[in-house]
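What follows is a single structure, written as C-alpha cells, with notes after it.
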Amino acid sequence: MNSDILLEVKNLCQYFKSGTSELKAVDDVSFSVRKGEVFGLVGESGCGKTTTGRSIIRLYNITSGNIYFKGTRIAAGTRALEEEYKRVKKERDKLSASKAENAEEALKEADAALAKLREEIASAKSDDKHCNRQYAEEEMRRVRERYEPLLASCLETEREKLEKEYKEALRIASKDRITNKIQMIFQDPIASLNPRMTVRDIIAEGLIIKGIRDKKYIDEQVYRMLDLVGLSPEHSGRYPHEFSGGQRQRIGIARAIIMQPELIIADEPISALDVSIQAQIINLINDLRRELDLTVLFIAHDLSVVKYFSDRIAVMYYGKIVELADSDELFRHPLHPYTRSLLSAIPLPDPVYEKKRKRISYNPLLAHDYSTDKPRLQEVCEGHFVLCNEAEFAEHLKTVKEKA
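Residue 183 is where the sequence shown starts when you use my numbering, and the numbers rise one by one after that.
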C-alpha cells in the first residue's frame, strides 16, 4: 500500500436484514484517504454516508470487504463468507445424500471450497486481535526505547520514581489499540453526549478506558482540550443540557481529539447547527487539523461546505460511489448526471442568478441503460473516477477531451 495512504476501504458492503429482504446500505464502496487531507463524502440523506463512516470506525460489523488503516487490516467482512459457507455446505450435503453417479469429483470441489472459506473466515476473525496485539507491541517498544536510556543515566534518587512511570507507561501501551487512532464526531451533539455525565467525565472517558489512572494528568488533558475547542476549564463541571448546540459540538470534538487520533471521521458535524455556528465549527476543525496534523473524513450533504473544506470529494448515491475527484475538478467538470443534479441545487447569494437557475433532475432509470452493459467505477482522467458502463465511459472521455 502507498505510504501516503492512511485509510483504504476496499469493496465495503454493509447490508441490513429487513424481514426476509436485505437492505444494501453500502454496496461495494472503495476509496482511499491520504495522510493530511480532507476527504469529503457527500450525497443525499439515506445514501449510505453515515453507515460508511460507522463501518470504518467499527460501530458496525461489516458484511464484506476490507478496511485498512496505516497498512493494517482493521476490519474484514465475515457475514458474506459465512453465508457462502452455509450455501456450499448445504449443496455438498444434498449431493452426498443423493448418492448420484460421478459425484466424487463434485464432492472434492465442494470440500476444497469449504476448506478455503473456513481459512478466509478464520483469517478475517483473527485480524482484529492480531492487529491490536501488534500495535500494542510497537507502542511498548517505543516506551522501552524512551525510558531505558533514561533509567541507565538517571541518579539513584530519581530511579524509583522513573521506574514507576516506566511500568505505568508500559501497562497503558499494552492495552492500546490501533483503532484508538480513529475517532468520530457525531452528527447530533445532543444524542451523542451522555446527559448524566459531566463534561469532564465525557471528555476523559476515552483516557480512562485506555487505562490511564492519574487524575491530575486526566484533568490537565481535559482542560487543554477545552481550551483548544474554545471552551474554558470551568465548563468541565457542567452537564450537556447546560450548553448550546454549538458548544455541545465543541465538547464532542474535544472528546475525539483527546485520544490523539490520526484520523477524524466528522459525520455531518454542522447539519444540526445554525448557519453562523456552522462556520465557527468548520473553522475550528480546520484549525485543529493544521495544529494536530489530523486527517479528516468529512461527511456532509451540503456541497458548498464540502468544496470549501475538502481536498477530494466522493459522491454517493444509493450506497454506491458514483463520482470521485479533486474538489476543483469535480465542480468544474462534473460527469455523472447525479453529481450535476446535486451541483444545480446549490443556491448562490445572487438574486439575478437564482431567478435564472435551472434545476437538473436525476432519474437513474431514464439516465442509464444498464440492462446488458453493467457499470463500474472507471478512471476517466487522472484522479477522476465515474461509475459508468463502457458506452458512458466513451462519452465521458470525449467530454474530457473537448474541455481540455
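In this text, a Cβ means the ideal position worked out from N, Cα and C, and glycines have one as well.
Using CA coordinates, which residue listed in the options is at the minimum distance from residue i?
i    : options                   : result
E302 : R315, L375 and Y267       : Y267
D493 : E287, G393 and L485       : L485
I447 : R430, I459, I467 and Q460 : I467
D186 : I367, I394 and K252       : K252
R315 : F480, I256, L189 and K583 : I256
Q560 : A573, K343 and R300       : A573
V270 : L525, P529, N243 and L299 : L299
L194 : I244, C229 and K217       : I244
V215 : F198, L205, L188 and G201 : L188
H515 : V582, I459, Y552 and Y535 : V582
P415 : M407, Y421 and F513       : M407
H417 : E319, F513, I384 and E511 : I384
K217 : A304, R341 and E190       : E190
D555 : D508, A576 and P533       : A576
Closer than 6 Å by C-beta to residue i: which residues in its own chain qualify, once you throw out the five before and the five after it? Chain order, please.
i    : result
T233 : Q196, A207 and V208
K231 : L223, G225, I481 and M498
Y405 : P415
Beta carbon of residue i, beta carbon of residue j: below 9 Å?
i    : j    : result
L455 : L410 : no
P371 : G427 : yes
I364 : I239 : yes
P546 : Y500 : yes
L277 : A285 : yes
S227 : H483 : yes
V381 : G412 : no
Can you give me the Cβ contacts of residue i inside the same chain, cut-off strictly under 8 Å, excluding the 5 residues immediately before and after it?
i    : result
A306 : A258, G259, T260 and L263
K192 : S212, G247, N248, I249 and Y250
E347 : Y329
E338 : none
D293 : R274
L344 : Y329, L332, L333 and C336
P557 : H550, L569, C570, N571 and E574
Y552 : N571
A318 : A355, S356, K357, D358 and R359
Please go through the same chain and pick out, in chain order, the residues whose beta-carbon is closer than 7 Å to the beta-carbon of residue i, but skip the five residues on each side of it.
i    : result
D219 : The displayed chain sequence assigns Glu, not Asp, to residue 219. Excluding positions up to five away in sequence, the list reads T477, D493 and R494.
A279 : none
S523 : I542, S543 and Y544
L389 : I400, Q403 and I440
Y520 : V497, Y499, V504 and Y544
F368 : S374, G434 and D449
I464 : I452, V487 and F491
L205 : Y197 and F198
Which of the three DSSP states, helix, strand or coil, is assigned to residue i?
i    : result
M183 : Residue placement at M183 cannot be trusted, given a pLDDT of 49 that sits under 50; what the coordinates show is reported in the next sentence. M183: coil per DSSP, three-state reduction.
I400 : helix
D370 : coil
L313 : Sequence check: residue 313 is Cys here, not Leu. In the structure shown, C313 sits in a helix (DSSP, three-state: H, G or I).
N193 : strand
N468 : helix
Q560 : strand
S203 : strand
T587 : Only positions 183 to 586 of the chain appear in the structure, and residue 587 is not among them; the question remains open.
V457 : helix
So, is the C-beta of residue i closer than 9 Å to a C-beta in chain C?
i    : result
R558 : Among the chains of the structure shown, chain C does not appear; only one protein chain is present.
Check whether the Cβ of residue i sits closer than 8 Å to any heavy atom of the ligand ATP, and report yes or no.
i    : result
I385 : In the structure on display, the ligand ATP does not appear, and there are no ligands present to speak of.
Subject >> Touching by the beta-carbon criterion (3+ pairs, under 8 Å), the stretch 470 to 489 and the stretch 428 to 443 >> reply: yes
Original post:
Within the chosen definition, does the stretch 493 to 505 reach the stretch 565 to 579 through at least 3 CB pairs nearer than 8 Å?
Top reply: yes
**OP:** May I ask you to verify whether the stretch 213 to 223 touches the stretch 432 to 439, counting CB pairs closer than 8 Å and requiring at least 3?
**Re:** no
Subject >> Three or more C-beta pairs below 8 Å linking the stretch 315 to 329 and the stretch 345 to 356 >> reply: yes
**OP:** Would you check if there are 3 or more beta carbon pairs closer than 8 Å linking the stretch 327 to 347 to the stretch 359 to 367?
**Re:** no
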